[in-house]
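Since the structure comes first, as structure tokens, the remarks are kept for the end.
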Amino acid sequence: MRLGTRWAFGAEPPASVPVDLRPRIAAAESAHAGEGEGRHWTLTWLEGRPIVELDDGTTVSDAIIDAHDADEDW
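Spelled out as structure tokens, the structure:
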């Protein structure tokens, strides 16, 4: 079992946050510049994969998400 952690928006992510997610977190913080006061990130592990979520629902993960797939039938 891997334990998650929390840290403040704009702060350096803890060592337990995977290195490959750090640039994505920084990009998300840049997109929310000036809106981070009092917000926190939460790192959780789902089926061994890291998921980082901001209090407002912004999610960062190592998964590739296709937001629009024109050939979806359902």
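Position 27 (the sequence shown) corresponds to 1360 in our numbering; numbering is contiguous. Positions of the beta carbon are idealized from the N, C-alpha and C atoms, including for glycine. Small disclaimer: the values here were computed from a predicted structure and weren't measured.
- Task: Determine the extent of the beta strand (DSSP E) in which Ser1394 is found, giving its start and end residues.
- Result: The residue you call residue 1394 lines up with position 61 of the sequence shown. Note, Ser1394: beta strand (DSSP E), 1392-1394.
- Query: For Trp1340 versus Pro1347, is the C-beta spacing smaller than 7 Å?
  - Reply: Stepping through the sequence shown from its first residue, residue 1340 is reached at position 7. Stepping through the sequence shown from its first residue, residue 1347 is reached at position 14. Taking a C-beta distance under 7 Å as the contact criterion, Trp1340 and Pro1347 qualify as a contact pair.
- Task: Could you check what DSSP says for Glu1345 in three-state terms: helix, strand or coil?
- Result: Here the question's residue 1345 lines up with position 12 in the sequence shown. In the three-state scheme derived from DSSP, where H, G and I count as helix and E and B as strand, Glu1345 is classed as coil.
- Roughly how far, in whole angstroms, is the beta-carbon of Leu1336 from the beta-carbon of Val1393, given that I think they are within contact range, below 8 Å? As a position in the sequence shown, residue 1336 is number 3, starting the count at 1. As a position in the sequence shown, residue 1393 is number 60, starting the count at 1. Beta-carbon to beta-carbon, Leu1336 and Val1393 are separated by about 18 Å, too far to satisfy the 8 Å threshold.
- Message: Just to confirm before moving on: does the CB-CB distance between Gly1390 and Gly1369 stay below 7 Å?
- Response: Looking up residue 1390 in the sequence shown gives position 57. Looking up residue 1369 in the sequence shown gives position 36. Taking 7 Å as the cut-off, the beta carbon of Gly1390 is found no closer than this to the beta carbon of Gly1369.
- Item | Ala1364 to Ile1358 span [Cα, whole Å] | Walking along the sequence shown from the start, residue 1364 turns up at place 31. Walking along the sequence shown from the start, residue 1358 turns up at place 25. Cα to Cα, the separation comes out at about 10 Å.
- Query: Distance, Cα to Cα, Leu1376 vs Pro1356?
  - Reply: Reading the sequence shown from its first residue, position 43 is the one you call residue 1376. Reading the sequence shown from its first residue, position 23 is the one you call residue 1356. Cα to Cα, the separation comes out at about 15 Å.
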